[in-house]
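Comments concern the structure below.
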Amino acid sequence: MTARHWAALTTIYVVWGSTYLAIMVAIRTLPPLLMSSVRFLVAGGILYAFARGRGAARPSLRHWRSAIVAGTALLVVGNGGVAWSEQRIDSGVAALLIATMPLWLALFDRIVTGRRLAPARLVGLVVGLAGVALLVGPIGGAGIDAVGATACLVAAVAWAAGSLYARGAEAPGDLLLGSAMQMLAAGTLLGTLGAASSETAQVHTPSLSSLGALVYLVVVGSLVAFSAYIWLMRSAPTSIVSTYAFVNPAIAVALGAVFLGESLSLRILGASAAIVVSVALIVTARGAAAPARPPVGPASSTTSRSRTAAATARPFRQAAQTHPSVRGSSRSGAVAARLRRTALRPRAGEGAGRVRDDARQHRDGLHPRLHGPSARALLPLPRRRRARTADSGARVSGRVARGRADDDAVRQRREPRRLAVGARCRRPRAPGQDPLPPRLRRPVSGVRPRPERRAARAR
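Take the sequence shown: its position 385, counting from 1, is numbered 386 in my numbering, and each next residue is one higher.
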């Protein structure tokens, strides 16, 4: 990584960790839902105009439908819930509760897809839930508003569910355009909810600090940091970019204690350590996908195409387990070859021209490979064979043995003759010999033309 990469990563660390502090300052004189609505409408409008200006295609109705569903879960319930809950709880506590989003995402991924959790991710789930219980549970939860903490946990769960939905939802190819659509949809819904909850009556002259915090959320949080995040996801290792998930809570807790005077008890410090360790275990576990961006950051969508990479990792295994003609069938070898050739076609670029087809190596069936290691890479499968011919090569006249003809031998080429069904000899053993067996060379007697056969049947 270059200096630009580290600068962009530091920007994400600081900006996304400071958005909790900015939200707390903004809602002092601004209603939380209406403030979030203005934030997303302005940021979404700028991103939409920029994406369309650089050539992004116009989104379809299906794209808007997916954006509305994902925006509702990610931004309305997620970000809106954070802004509303910070009226009751400290910004550091809200950051710690939102940091549990990877825990719920791993749990939902296990429930929906049926994938087994790696031991590290399982340990991370247990440690993270213990940290949440220590933070808001009845043993050490004195001093933390239960309603605000519950709303923040609901926001984290909604963010995880929205991230899982956005992985398979139909979205535009341009990531900025998809995120802008979610922001516009969420801003409209948040404005409607704010008007329905009588927040319009609470709007008075906002303070300069609240207006400055709102401008900071729009420009720095939703535009600058989000652009840096997209650039890093395209040019830097995902394992390094995903470290923001357990760095942001620590920064948020520190900023809340320094600028807002929030208390740092041993209970909060212990819960912070448990949650950060659990998130680190889940994010860095082998085979774990990059976590979705926390909702208090630039409020982007999770339309990143990394969600599709995980879906294509087991195409044959899922198809083989559900195919009705694989298990307990004598055609398992043929079905295995057909499914693997369909699901594991060679791709362009690196590894082009190679096919994973372990059915060619394991003729005895499908089950031994379902529970073993992944298929091995082989050479390209042969193409479809041409029609069988009597001889398509050169013939050597005289008594010169095939393959040992010298320069004096006269080479002749004649048109190949197609073999009849059942012929086993592909090439003649001697020059000039008819490759067809005697039973096919003599005329077949007793075969009537088709009209005569019909007449004979009718009689």
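In this text, a Cβ means the ideal position worked out from N, Cα and C, and glycines have one as well.
Check, Outcome
"Could you say if the region 72 to 90 and the region 244 to 255 meet the contact criterion of at least three C-beta pairs nearer than 8 angstroms?", "no"
"Between the region 109 to 116 and the region 256 to 265, are three or more C-beta pairs nearer than 8 angstroms?", "no"
"Go ahead and label Thr193 buried or exposed: buried means 16 or more other beta carbons lie within 10 angstroms of its beta carbon, across all protein chains shown.", "exposed"
"Which word fits Gln203, buried or exposed, when buried means at least 16 other C-beta atoms lie within 10 angstroms of its C-beta?", "exposed"
"Quick check: the region 63 to 71 against the region 183 to 193, are there 3 or more CB pairs under 8 angstroms?", "yes"
"Could you pull out every residue in the same chain whose Cβ sits closer than 7 angstroms to the Cβ of Val278, ignoring the five residues on either side in sequence?", "Val128"
"Following the continuous alpha helix (DSSP H) through Asn249, name the residue where it begins and the one where it ends.", "Tyr245 to Phe260"
"Tell me which residue opens and which closes the alpha helix (DSSP H) that Met2 is part of.", "Taken as a continuous stretch (DSSP letters only), Met2 belongs to no alpha helix (DSSP H), as it is neither H nor E."
"Kindly indicate which three-state DSSP category Gly222 falls into: helix, strand or coil?", "helix"
"Just to confirm, are Ile283 and Ala134 a CB contact at a threshold of 8 angstroms?", "no"
"Between which two residues does the alpha helix (DSSP H) carrying Ser64 extend?", "Note that residue 64 is His in the sequence shown here, rather than Ser. Start and end: Leu62 to Gly72."
"Give every residue of the same chain whose Cβ lies closer than 7 angstroms to the Cβ of Ala181, excluding the five residues on either side of it in the sequence, and list them in chain order.", "Gly45, Leu48, Tyr49 and Ala52"
"For Leu218, count the other beta carbons within 10 Å of its own beta carbon; 16 or more makes it buried, fewer makes it exposed. Which is it?", "buried"
"Could you name the residues of the same chain whose beta carbon sits closer than 7 angstroms to that of Leu154, not counting the 5 residues immediately before and after it, in chain order?", "Leu98"
"Below 8 angstroms, how does it come out for the region 13 to 23 and the region 165 to 179: are there three or more Cβ pairs, yes or no?", "no"
"Given Gly149, which residues of its chain have a CB within under 6 angstroms of its CB, disregarding the five upstream and five downstream residues?", "Ser86, Arg89 and Ile90"
"Taking only runs of the alpha helix (DSSP H) that begin and end inside the region 129 to 179, which ones reach a length of at least 4 residues, in chain order?", "147 to 169"
"Rounded to a whole number of angstroms, what is the C-alpha to C-alpha distance between Ala147 and Thr3?", "45 angstroms"
"Using CA atoms only, rank isn't needed, just tell me which of Gly93, Asn80, Ser37 and Val78 is closest to Leu215.", "Ser37"
"Consult DSSP for Asp91 and reduce its assignment to one of helix, strand or coil.", "coil"
"Are there 16 or more other CB atoms within 10 angstroms of the CB of Asp408, so buried, or fewer, so exposed?", "Because Asp408 carries a pLDDT of 48, less than 50, the predicted location of this residue cannot be relied on, and no value is offered for it."
"Put Glu200 into one of helix, strand or coil per three-state DSSP.", "helix"
"Inspect the beta-carbon positions of Val225 and Ala100 and report whether they are closer than 8 angstroms.", "no"
"How many whole angstroms separate the CB atoms of Arg63 and Glu171, which I take to be in contact at a CB cut-off of 8 angstroms?", "5 angstroms"
"Could you have a look at Thr117 and say whether DSSP puts it in helix, strand or coil?", "Per the sequence shown, residue 117 should be read as Arg rather than Thr. In the structure shown, Arg117 sits in coil (DSSP, three-state: anything other than H, G, I, E or B)."
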